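**Q**
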Amino acid sequence: MRQKQRERCQQVLRMVPELGHFSLILSFCLCVILGTLPLVGASTGNRLWIGLARPLTAGVFVFLTLSLLVLGYSFITDDFSVRFVAQHSNTLLPIQYKITAVWGGHEGSFLFWTWMLAGWMLAVSIFSKAMPDDFVARVLGIMGLIGAGYTLFMIATSNPFDRVLPLSPVDGADLNSALQDFGFIIHPPSLYMGYVGFSVVFAFAIAALLSGRLDSAWARWSRPWANTAWAILTIGIALGSWWAYYELGWGGWWAWDPVENPPMINWLLGTALIHSLAVTEKRGVFKSWTVLLAIMAFASSLLGTFITRSGLLTSVHAFASDPTRGVYILGFLGLVVGGSLLLFALRAPLMKSEFGFAAISREVFLLANNILLVVASAAILLGTLYPMVYQAVSGGELISVGPPFFNMIFVPLMAILVVFLAMGAISRWKKTSAQYLIQQLGIVAAASVGLGVLLPLVLTTEFSIGAAIATSLGLWIVFGIVQDIRIKIANKESTLAGLKSLAVSYIGMQIAHLGFATILLGASLTSIYSVEKSVLLQAGEQMDLGDYHFEFGGTEPVTGPNFIADRATFRVFEDGEFMREMYPEKRLYTQSGSPSTEMAIDAGFWRDLFITLGEPRESGAWSMTIYIKPFVRWVWLGAILMALGAVVAVLDKRYRRLKVRDLAKADAQPGGKQNDGLQPASN
Amino acid sequence: MKPHRRKKLTIILFIAAGLSVAVGLSLYALSSSIDLFFTPTQIAAGEATDGQRIRIGGMVKEGSVVRSEDSLDVEFIATDYTHDLVVRYDGILPDLFREGQGVVVEGAVTNGTFIASRVLAKHDENYMSVEVKAAMDAAEAARALPAGAANGS
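Residue numbers (this note's numbering), protein chains in the order written: chain A, 22 to 704; chain B, 8 to 160.
(1) For Cys52 of chain A, count neighbouring Cβ atoms within 10 angstroms of its own Cβ and tell me buried if that reaches 16, exposed if not.
(2) In whole angstroms, what separates the C-alpha of Tyr35 of chain B from that of Gly114 of chain B?
(3) Examine chain A for any beta-carbon lying closer than 8 Å to the beta-carbon of Leu92 of chain B, and answer yes or no.
(4) Short of 6 Å in beta carbon distance, which residues of its chain neighbour Leu166 of chain A, apart from the five on each side in sequence? Order them along the chain.
(5) In whole angstroms, what separates the C-alpha of Thr46 of chain B from that of Leu472 of chain A?
(6) CA-CA distance, Gly261 of chain A and Ala276 of chain A?
(7) With respect to the alpha helix (DSSP H) encompassing Thr121 of chain A, which residues constitute its N-terminal and C-terminal limits?
(8) I need the straight-line Cα distance from Lys14 of chain B to Ala24 of chain B, nearest angstrom please.
(9) Report, in whole angstroms, the separation of the C-beta atoms of Thr311 of chain A and Phe205 of chain A, which I expect to be a contact under 8 Å.
(10) Under 7 Å Cβ-Cβ, which residues of chain B neighbour Arg638 of chain A?
(11) List the residues of chain B that Met620 of chain A touches, going by C-beta distances under 8 Å, in chain order.
(12) Is there at least one Cβ from chain B nearer than 8 Å to Gly261 of chain A's Cβ?
(13) Taking only beta-carbon positions, decide if Leu32 of chain B is within less than 8 Å of chain A.
(14) Is Val91 of chain A closer than 8 Å to Pro153 of chain A when the C-beta atoms are compared?
(15) Chain B beta carbons: is any one of them nearer than 8 Å to that of Pro283 of chain A?
(16) Identify every residue that forms a DSSP beta bridge with Ser361 of chain A.
(17) Just how far apart, CA to CA, sit Val668 of chain A and Thr482 of chain A?
(18) Consult DSSP for Met564 of chain A and reduce its assignment to one of helix, strand or coil.
(19) Find the nearest neighbour of Phe44 of chain B within the set B:Gly65, B:Ser27, B:Gly107 and B:Ala29, judged by alpha-carbon distance.
(20) Please list, in chain order, all residues of the same chain as Thr112 of chain A whose beta carbon is under 8 Å from its beta carbon, the five residues on each side excluded.
(21) Where does the unbroken beta strand (DSSP E) through His570 of chain A begin, and where does it stop?
(22) Do we get a CB-CB distance below 8 Å when we pair Thr5 of chain B with the residues of chain A?
(23) Between A:Leu535, A:Asn282, A:Val552 and A:Val503, which lies nearest to Asn428 of chain A when the distance is taken from Cα to Cα?
(24) Going by CA-CA distance only, name the one from A:Gln563, A:Val410, A:Ile490 and A:Ala265 that's closest to Ile549 of chain A.
(25) Apart from the five residues just before and just after Phe584 of chain A, which ones in its own chain have a Cβ nearer than 8 Å to its Cβ?
(26) Using DSSP bridges, identify the partner residues of Thr311 of chain A.
(27) Would you check if the stretch 450–461 of chain A and the stretch 412–432 of chain A touch, i.e. whether three or more CB-CB distances between them fall below 8 Å?
(28) Would you please verify whether the beta carbon of Ser71 of chain B is less than 8 Å from any beta carbon of chain A?
(29) Please report the straight-line C-alpha distance between Phe121 of chain B and Val94 of chain B, rounded to a whole angstrom.
(30) Could one say the Cβ of Ala436 of chain A lies closer than 8 Å to chain B's Cβ atoms, at least one of them?
(31) Looking only at its chain, what residues have a beta carbon closer than 7 Å to the beta carbon of Phe441 of chain A, apart from the 5 residues adjacent to it on each side?
(32) List, in order along the chain, the chain A residues whose C-beta lies closer than 7 Å to that of Asp178 of chain B?
(33) Taking 8 Å as the threshold (beta carbon to beta carbon), is Tyr213 of chain A in contact with chain C?
(34) Check whether the stretch 250–268 of chain A and the stretch 201–218 of chain A touch, using three or more Cβ-Cβ pairs below 8 Å as the test.
(35) For Ser110 of chain A, count neighbouring Cβ atoms within 10 angstroms of its own Cβ and tell me buried if that reaches 16, exposed if not.
(36) DSSP three-state label for Lys674 of chain A, please.
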């Protein structure tokens, strides 16, 4: 009797993946309804249909969550009858990687991606109480359409719940060994979340076009979402860079890989967007440009999806190729971009704005910021797609575009951007006199260039022009920030009172700019001053690099849960004094038979020491590379500061304070919206 | 011309100037940093200029890897099963470099030997780069011989 019950129970449990599949289909259906009824309701004024938007959103979220949980359950219970589980897991895989293997391959990661979209939708439906219901219905309806596209894509081409029945494998193929790392647990979620977050801003822009409501209220509603998505994307990219740095073993933190580039393009467009939104909110200009940027940022995230998942480009990230997927995504991309641009063209008359600013004004500097960022992203896109285009045009000849191209374009553009940054931040809306700028920034320029040349001259043995330029530019931003704050608090009774009077969003902006300066300094100085040396050492042999001395103590075998490894011991001396021991490893994952190198890193604020093992020779000697990388931490530290700045800006009271009717009032009197706290001193 | 029109024109000119500088810069940069891709057969036919930075792709021939005992030098043969190409590399090979697997190498031809500056790794041992696949397909089409390892997985 009990035996029978247990068997029946097991039979039911075997059906669980079907439950996931079923809720995936159900969420597709809900997305379709969400993408139609509330949108129609909003344009016809049908309150009932408008009211459906929030409950439907909750439904989509619930069923996609269920799908995701089922897939996770299949991984945890080692259900290898599910093809995706069989391909990406293994009974010996540690539990944290079993769970995260959900995003370890194309199908599961796309489900995860779509779930993120549903999460953002839910967030919009919750944190939108201050907005009119018809506007929210439109936003959620558009996101529902996007969700319908994503879920249909999964059901049609990449179902994570596909079964291998009746002959299911006894054990799985194991998760790619390079992915079995902490970075894999945190990098994809944050990157996806940031990426998908831009679809919120896109939906806001399309909803504004549909409703004809392209005013500063729309910009104000969009800004917190744009900032949040941008902050998360910043962190996601930085985590990817950090992970590549310590896992891939070549000491690099950015390679201009074809699949690193799309998030970068998206990030640059997102950066342009958050600045352009500021102008639209504050001054009511750049409306059409802001809408266009929102469309471009979203389109670039789809393009990134296409590049990663179509298998058209060679890359460390590429998923196994399947042409039908590429065609589907390209079709979806065409539909989204074509549809949005058509709507954009139809609504163009709405977006007329007064041209009320002079040739030197904050608006113009922000325009320059936008042009530079868009040009930089266009150049990266060109370099990324060029091999594909070249192959098509030349009849199959293969080429690759390497880092020199990207550096040659990106570095000068960013240098110009930095020059404008401090000028834009210190100048006023509408009109700033050249004389004022020179007066305020003259000393900043003198100090940053002076120190920028002096510091590398004094602190290093070999003078580098690049380091002098980079240091000058970094200091230009930092001193610019100090000067701007000084001007802002000059009239206050005390410095403390002055600092307290600064608007929260202003503080956020300056933190983010400080982060940008930090990245700039870190990226350039580590590129210029890093040293590395590859050698073959026997146990007991030693080598010198920079101020450091390394003694190789040989290797010993160690065993992990699903790998065996050789662990080397190094004694490291700094300026002749013992500092610490370091233990790089060479692992062999037993199930897949794939080797993996575990770096040993001594991280520091000023420099990283980095040892990577190569392979043993018959004589017992090991090949290895030792790196000293000054300032490399600043790259990620800067990213954290930028993200922090964006989040701080979101906390500004004005995003919560104003209800719909107040905004309508503010719009009615154009003079009123200038005094809302961002720039108390400059208005 | 009305003042606001003039302003608009100034801004459009500003954008146009910026764009043309960027386009010029991009094209210049592209022309100097494209790496052409060759197969061992093309190298054997002398299609690549000596000293020009290129990429080659093929399979690492079984039993061809020779490591020096007193330096980092490695020598191996990249093959598309029609022609062999000797590759010399002074550095540490990536984790997923193995005999019988596909490889993409950056470097230049010198006197018939390929001096590598970088050996590229792939994340996934089952994944074959489009370059290697193209090289294999080309060689296979040329010889109509079964190339067992050509499918990678």
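We put the beta carbon where it would ideally sit given N, CA and C, even for glycine. Fair warning: this is a prediction, and the values are worked out from it, not measured in the lab.
**A** Judging by the given coordinates:
(1) Cys52 of chain A counts as buried, since at least 16 other C-beta atoms from the protein chains shown sit within 10 angstroms of its C-beta.
(2) 22 Å
(3) So, not an interface residue.
(4) For Leu166 of chain A, same chain residues with a beta-carbon under 6 Å away, outside a window of 5 residues either side, are Gly56 in chain order.
(5) 51 Å
(6) 11 Å
(7) Note, Thr121 of chain A: alpha helix (DSSP H), Ile116 to Thr121.
(8) 15 Å
(9) That belief does not hold up - the Cβ atoms of Thr311 of chain A and Phe205 of chain A are roughly 36 Å apart, past 8 Å.
(10) Near Arg638 of chain A (Cβ distances below 7 Å), the residues of chain B are Arg74 and Glu76.
(11) Counting only Cβ-Cβ distances below 8 Å, Met620 of chain A has no contacts in chain B at all, with the closest Cβ about 12 Å away.
(12) The Cβ of Gly261 of chain A sits no closer than 8 Å to any Cβ of chain B.
(13) yes
(14) no
(15) Chain B contact via Cβ: absent.
(16) According to DSSP, Ser361 of chain A bridges with nothing at all.
(17) 41 Å
(18) Three-state result, Met564 of chain A: strand.
(19) B:Gly65
(20) Asp99, Asp192 and Gly193
(21) Per DSSP, His570 of chain A is one residue of the beta strand (DSSP E) stretching across Tyr569 to Thr580.
(22) Outside the shown range of chain B, which is 8 to 160, sits residue 5 of chain B, and nothing can be said about it.
(23) The shortest C-alpha separation from Asn428 of chain A is found at A:Asn282.
(24) A:Ile490
(25) Taken in chain order, the residues that qualify are Ser198, Arg608, Leu609, Tyr610, Thr611 and Ser617.
(26) Bridge partners of Thr311 of chain A: none, in fact.
(27) no
(28) no
(29) 5 Å
(30) no
(31) Phe386, Ala389 and Asn390
(32) The requested residue 178 of chain B does not occur in the structure, where chain B is confined to residues 8 to 160.
(33) Any reference to chain C falls outside this structure, whose protein chains are A and B.
(34) Judged by Cβ distances under 8 Å, the stretch 250–268 of chain A makes contact with the stretch 201–218 of chain A, as three or more pairs qualify.
(35) buried
(36) coil
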